[in-house]
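A.B. asks: Those letters in the sequence shown? Residues 4 to 635, by the numbering used here.
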Amino acid sequence: MKNLKIKTFSEYQKQYEFSVSNPELFWDGVASTFMWKKKWENTLTWNFEEPRVSWFEGATLNITENIFERNLATKKNDLALIWEANEPLAANRTYTYEELYHAVNQCANGLKSLGVTKGDRVCIYLPMVPELTIAVLACARIGAIHSVVFAGFSATSLADRIIDADARLVITSDGLNRGAKQMSLKDVVDEAVAHTACIQNVLVLKVTDTNCSMTETRDIWWHELIPSQDIICPATEMESEDSLFILYTSGSTGKPKGVVHTCGGYMVYTAYTFMNVYQYEEGDIHWCTADIGWITGHSYIVYGPLLCGATTVMFEGIPTYPNAGRFWEIVEKYKVTQFLTAPTAIRSLMAFGEEPVQKYDLSTLKIIGTVGEPINEEAWHWYQNNVGKGTCPVVDNWWQTETGGIMISGIGGISPQKPTFAGYPLPGIQPVLLNQDGEEILENEQEGYLCMKAPWPSIIRTTYGNHARCKEAYFSNFEGYYFTGDGAKRDENGMYRIIGRIDDVINVSGHRFGTAEIENAINQNELIIESAVVGYPHPIKGQSIYAFVVCDHTLSDLDDARKDILNTVTNEIGKIALPEKIQFVSGLPKTRSGKIMRRILRKVAEGDLDNLGDVSTLLDPSVVDEIVKNRI
Ligand code: WTA
Numbered sequence: 004m005k006n007l008k009i010k011t012f013s014e015y016q017k018q019y020e021f022s023v024s025n026p027e028l029f030w031d032g033v034a035s036t037f038m039w040k041k042k043w044e045n046t047l048t049w050n051f052e053e054p055r056v057s058w059f060e061g062a063t064l065n066i067t068e069n070i071f072e073r074n075l076a077t078k079k080n081d082l083a084l085i086w087e088a089n090e091p092l093a094a095n096r097t098y099t100y101e102e103l104y105h106a107v108n109q110c111a112n113g114l115k116s117l118g119v120t121k122g123d124r125v126c127i128y129l130p131m132v133p134e135l136t137i138a139v140l141a142c143a144r145i146g147a148i149h150s151v152v153f154a155g156f157s158a159t160s161l162a163d164r165i166i167d168a169d170a171r172l173v174i175t176s177d178g179l180n181r182g183a184k185q186m187s188l189k190d191v192v193d194e195a196v197a198h199t200a201c202i203q204n205v206l207v208l209k210v211t212d213t214n215c216s217m218t219e220t221r222d223i224w225w226h227e228l229i230p231s232q233d234i235i236c237p238a239t240e241m242e243s244e245d246s247l248f249i250l251y252t253s254g255s256t257g258k259p260k261g262v263v264h265t266c267g268g269y270m271v272y273t274a275y276t277f278m279n280v281y282q283y284e285e286g287d288i289h290w291c292t293a294d295i296g297w298i299t300g301h302s303y304i305v306y307g308p309l310l311c312g313a314t315t316v317m318f319e320g321i322p323t324y325p326n327a328g329r330f331w332e333i334v335e336k337y338k339v340t341q342f343l344t345a346p347t348a349i350r351s352l353m354a355f356g357e358e359p360v361q362k363y364d365l366s367t368l369k370i371i372g373t374v375g376e377p378i379n380e381e382a383w384h385w386y387q388n389n390v391g392k393g394t395c396p397v398v399d400n401w402w403q404t405e406t407g408g409i410m411i412s413g414i415g416g417i418s419p420q421k422p423t424f425a426g427y428p429l430p431g432i433q434p435v436l437l438n439q440d441g442e443e444i445l446e447n448e449q450e451g452y453l454c455m456k457a458p459w460p461s462i463i464r465t466t467y468g469n470h471a472r473c474k475e476a477y478f479s480n481f482e483g484y485y486f487t488g489d490g491a492k493r494d495e496n497g498m499y500r501i502i503g504r505i506d507d508v509i510n511v512s513g514h515r516f517g518t519a520e521i522e523n524a525i526n527q528n529e530l531i532i533e534s535a536v537v538g539y540p541h542p543i544k545g546q547s548i549y550a551f552v553v554c555d556h557t558l559s560d561l562d563d564a565r566k567d568i569l570n571t572v573t574n575e576i577g578k579i580a581l582p583e584k585i586q587f588v589s590g591l592p593k594t595r596s597g598k599i600m601r602r603i604l605r606k607v608a609e610g611d612l613d614n615l616g617d618v619s620t621l622l623d624p625s626v627v628d629e630i631v632k633n634r635i
């Protein structure tokens with residue numbers, strides 16, 4: 004794959020031109036650098052109507068053979084994984100490629116002994132410990148479909164995901180360490196599993212020193228099952244289009260959807276984008292601070308770096324524990340060369356000033372990245388000046404759970420960078436901006452709906468168990484296009500700037516929530532008649548959640564009601580989805596046909612009271628006055 008590494012901007016332009024005029028030839032070239040058990044017959048067949056996209060049809064492979072067998076000859080003793088514990092003084096753990104290979108095989112054999120076979124769904128609900136990476140790869144080794152659920156989701160959310168995927172096994176831990184806190188995870192799993200009929204076993208890793216209860220015959224300790232397994236496990240032969248994993252993400256309607264990615268295309272695209280965007284070179288130490296519970300962790304902690312033979316860093320803790328210098332201490336400790344984090348983390352560390360950054364030697368850094376939400380100009384400059392010392396290129400990676408890999412981004416040090424602009428599309432990616440009528444906007448400096456006009460190898464294939472939903476959410480807003488849900492602008496040079504979601508998705512600290520999902524949670528509370536949730540700008544989190552709630556008018560103690568709402572959201576989704584502001588209102592602004600006018604609520608939440616627009620068509624315009632008057 005090395006000869007596909009873009010080294011100059013004109014090379015990028017050439018590769019880009021070629022990739023869009025001859026996509027099949029281009030991706031043939033990239034794919035042929037991997038290890039396939041059988042070669043493909045068709046590089047690509049697709050239509051966006053069904054939708055149906057198929058890459059490298061007829062080929063077979065196993066992605067873990069491409070991480071291990073393909074790299075072992077030259078990388079056996081190189082570090083694959085460095086794990087930094089929550090406590091700075093606790094021992095770290097490292098795995099060479101060979102050690103990780105054996106650990107993955109042992110776990111894979113353990114899963115097999117529990118009866119897990121190709122195509123089975125395995126839910127992984129673990130903190131950021133090496134066994135999370137190991138479990139993910141063990142599933143891939145035997146063709147089981149992993150569904151990682153971020154360990155901050157509640158029992159209800161976990162149960163929903165387990166049931167939707169019809170998983171047979173949960174892999175979890177007794178608890179987790181996060182900053183100064185230890186939290187139980189097993190209790191959450193027990194509660195979730197009690198509401199499911201499909202789970203046969205729970206595999207439990209010991210991470211903390213808390214006690215947890217084990218259900219006989221169902222629950223198995225990791226340390227009793229895995230370490231005694233054989234260190235070799237043959238890789239299961241997978242079709243290119245067999246599912247590799249499911250990852251749940253929020254959309255504008257209903258419950259989170261299980262985005263499905265497949266083996267061949269996802270492998271080719273994550274490795275290709277990792278190598279180029281981060282300009283991977285032998286010996287590089289790549290640290291992405293995301294959690295593997297999100298797509299960024301899947302693609303740029305686990306699969307992308309390991310496919311390329313890089314060393315990937317995993318961190319158990321949080322940026323501010325035990326102090327705001329922790330990230331930089333880790334960069335210095337491991338001589339990190341590529342660092343990727345979210346704007347939220349940058350903004351929260353900015354608040355501590357420059358001193359914690361200046362204390363550490365960050366001179367090993369070559370490229371720094373930002374991902375997950377739009378980055379404001381101030382944070383961009385702070386990041387480049389203080390972390391990148393004014394010289395490191397900043398790559399702003401725009402992409403989505405559904406896209407599998409980075410789509411629009413700078414290529415470290417090679418393409419021009421412009422603060423707040425993600426930049427140019429990567430080779431193979433064909434973005435367009437559409438207007439309301441679905442026509443392509445050809446001139447620059449205009450805002451439009453960001454869509455893709457052709458498939459790339461790691462495009463979403465389906466939403467698990469419900470293909471109609473996939474079509475509805477992504478392929479029916481604009482016929483013949485994949486719709487991202489984002490608004491964007493292009494400058495005079497063709498660089499893209501992402502403005503943010505234009506649907507009912509809120510991005511809080513880089514975490515996606517659907518407003519409907521939070522409203523449903525709030526409405527679970529018996530005292531609530533109805534609610535409407537919108538996002539509003541927040542200086543650190545990017546966006547925060549504002550809930551307008553209509554509750555039973557007999558309710559006398561609003562403080563209790565507020566607490567109840569917070570409890571319900573915590574139980575239904577998790578603390579990460581808590582509304583920052585809850586305003587009790589006597590009614591919501593609705594059209595005569597009963598539709599909630601969110602536009603008005605958004606303006607109120609943003610404090611943009613002079614631009615509420617026309618309220619005369621509302622069923623009861625007076626509710627707006629009341630809402631404005633009592634705005635928080
Ligand atoms: C937003 C995360 C601006 C966007 C990889 C997208 C961004 C959603 C950026 C996907 C960026 C992600 N600049 N906005 N660099 N990266 N987004 O699925 O709104 O968790 O649609 O994937 O995050 O979030 P997801």
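Positions of the beta carbon are idealized from the N, C-alpha and C atoms, including for glycine.
Which of the three DSSP states, helix, strand or coil, is assigned to Trp331?
C.D. replies: Looking at Trp331 - three-state DSSP - the assignment turns out to be helix.
A.B. asks: Measure from the alpha carbon of Ile85 to the alpha carbon of each residue in Ile531, Thr344, Thr292, Pro434, then state which is nearest.
C.D. replies: Nearest option by C-alpha distance: Thr292.
A.B. asks: Note the first and the last residue of the continuous beta strand (DSSP E) segment covering Asp177.
C.D. replies: Counting along the chain, Asp177 falls outside any beta strand (DSSP E), and DSSP gives it neither H nor E.
A.B. asks: So the candidates are Asp563, Lys8, Asp567, Ser619; which of them puts its Cα closest to the Cα of Tyr275?
C.D. replies: The shortest C-alpha separation from Tyr275 is found at Lys8.
A.B. asks: In whole angstroms, give me the CA-to-CA distance for Val107 and Ser253.
C.D. replies: Distance between the alpha carbons of Val107 and Ser253: 30 angstroms.
A.B. asks: Do Ile288 and Tyr674 come within 8 angstroms of each other at the CB atom, strictly closer than that value?
C.D. replies: In the structure as shown, the chain begins at 4 and stops at 635. Residue 674 is therefore absent and cannot be evaluated.
A.B. asks: Are there 16 or more other CB atoms within 10 angstroms of the CB of Arg602, so buried, or fewer, so exposed?
C.D. replies: Classification for Arg602: exposed.
A.B. asks: Specify, as a first and last residue, the run of the beta strand (DSSP E) that Arg493 falls within.
C.D. replies: Element bounds for Arg493: 485 to 493.
A.B. asks: To test your reading of the DSSP string, which unbroken alpha helix (DSSP H) runs of 4 or more residues are found completely within the stretch 480 to 568?
C.D. replies: 518 to 526, all fully within the stretch 480 to 568.
A.B. asks: Quick one: Cα of Ile3 to Cα of Cys395, how far?
C.D. replies: No information on residue 3 is available, as it lies outside the stretch 4 to 635 that the chain covers here.
A.B. asks: Compute the beta-carbon to beta-carbon distance between Val125 and Val132, rounded to the nearest angstrom, for a pair I have assumed lies under 8 angstroms.
C.D. replies: Contact flag wrong, Cβ pair sits at about 17 angstroms.
A.B. asks: Apart from the five residues on each side of it in sequence, which residues of its chain come closer than 7 angstroms, Cβ to Cβ, to Met600?
C.D. replies: So the list reads Pro592, Lys593, Thr594, Leu621, once near-sequence residues are dropped.
A.B. asks: As a quick exercise: from Gln449, Ile462, Pro540, pick the residue whose alpha carbon is nearest that of Glu495.
C.D. replies: With distances taken between Cα atoms, Glu495 lies closest to Gln449.
A.B. asks: What residues in its chain sit with their C-beta under 7 angstroms from that of Tyr15, if we drop five residues either side in the sequence?
C.D. replies: Cβ neighbours of Tyr15 beyond the five flanking positions: Ile9, Ile414, Ile417, Ser418.
A.B. asks: Closer than 8 angstroms by C-beta to Asp233: which residues in its own chain qualify, once you throw out the five before and the five after it? Chain order, please.
C.D. replies: Closer than 8 angstroms at Cβ, skipping near neighbours: Asn108, Gln109, Asn112.
A.B. asks: Check each residue's C-beta against every heavy atom of the ligand WTA and list, in chain order, those closer than 6 angstroms.
C.D. replies: Cβ atoms closer than 6 angstroms to the ligand WTA belong to Thr252, Trp297, Ile298, Thr299, Val374, Gly375, Glu376, Pro377, Asp399, Asn400, Trp401, Trp402, Gln403, Thr404, Ala425, Thr487, Gly488, Asp489, Ile501, Gly503, Arg504, Asn510, Arg515.
A.B. asks: What does the alpha-carbon distance come out to for the pair Met4 and Ala425?
C.D. replies: If I take the Cα positions, the gap works out to 25 angstroms.
A.B. asks: Of the residues Arg181, Pro582, Gly597, Asn614, which one's Cα is nearest the Cα of Ile635?
C.D. replies: Out of Arg181, Pro582, Gly597, Asn614, Pro582 has the C-alpha closest to the C-alpha of Ile635.
A.B. asks: Measure the alpha-carbon distance for Asp177 versus Cys215 and round it to whole angstroms.
C.D. replies: The alpha-carbon atoms of Asp177 and Cys215 are separated by roughly 6 angstroms.
A.B. asks: Where are the alpha helix (DSSP H) runs, 4 residues long or more, that stay fully inside the stretch 43 to 80, in chain order?
C.D. replies: As far as the stretch 43 to 80 is concerned, its whole alpha helix (DSSP H) runs of at least 4 residues are 66 to 70, 72 to 78.
A.B. asks: Under 8 angstroms between the Cβ atoms of Glu552 and Ile525?
C.D. replies: In the sequence under discussion, the amino acid at residue 552 is Val, which differs from the Glu named in the question. Yes, these two residues count as a Cβ contact at 8 angstroms.
A.B. asks: By how many angstroms is the C-alpha of Asn528 removed from the C-alpha of Thr136?
C.D. replies: If I take the Cα positions, the gap works out to 37 angstroms.
A.B. asks: Would you list the residues sitting across from Leu250 in a DSSP beta bridge?
C.D. replies: Its beta-bridge partners are Val262.
A.B. asks: Count the other CB atoms, across all protein chains shown, that sit within 10 Å of the CB of Pro542; report buried if there are 16 or more and exposed otherwise.
C.D. replies: It counts as exposed.
A.B. asks: Who are the near neighbours of Ile70 in its chain, counting only those whose CB is closer than 6 angstroms to its CB and skipping five residues on each side?
C.D. replies: Once the five neighbours on either side are set aside, the close Cβ partners of Ile70 are Leu309, Leu310.
A.B. asks: Buried or exposed: where does His226 fall if 16 or more other Cβ atoms within 10 Å of its Cβ makes it buried?
C.D. replies: By the 10 Å Cβ count, His226 comes out exposed.
A.B. asks: Of all the options Asn480, Val511, Leu437, Glu442, which has the alpha carbon lying nearest to the alpha carbon of Lys492?
C.D. replies: Out of Asn480, Val511, Leu437, Glu442, Leu437 has the C-alpha closest to the C-alpha of Lys492.
A.B. asks: Apply the 10 Å Cβ neighbour rule to Gln361 and answer buried if 16 or more other Cβ atoms are within range, or exposed otherwise.
C.D. replies: Gln361 should be labelled exposed.
A.B. asks: If the criterion is Cβ atoms closer than 8 angstroms, does the pair Cys201 and Ile148 meet it?
C.D. replies: Not closer than 8 angstroms, so no.
A.B. asks: Counting along the chain, where does the beta strand (DSSP E) carrying Phe12 start and finish?
C.D. replies: First-last for Phe12: 12 to 24, but that is the alpha helix (DSSP H), not the beta strand (DSSP E).
A.B. asks: Quick check: what's the CA-CA separation for Trp30 versus Tyr272?
C.D. replies: Cα-Cα distance, rounded: 9 angstroms.
A.B. asks: Since Asp399 sits in a beta bridge, which residues does DSSP pair it with?
C.D. replies: Answer is Thr373, bridged to Asp399.
A.B. asks: Helix, strand or coil for Met217 per DSSP?
C.D. replies: It is coil, neither helix nor strand.
A.B. asks: State the CB to CB distance for the pair Ala280 and Val374, rounded to an integer number of angstroms; the pair is presumed to be in contact (CB under 8 angstroms).
C.D. replies: The sequence given here places Val at residue 280; Ala does not occur at that position. Actually they are not in contact, since the Cβ atoms of Val280 and Val374 sit about 10 angstroms apart, beyond 8 angstroms.
A.B. asks: Hey, is the stretch 191 to 208 in contact with the stretch 154 to 161, meaning 3+ C-beta pairs nearer than 8 angstroms?
C.D. replies: The answer is yes - the stretch 154 to 161 touches the stretch 191 to 208, with three or more Cβ pairs under 8 angstroms.
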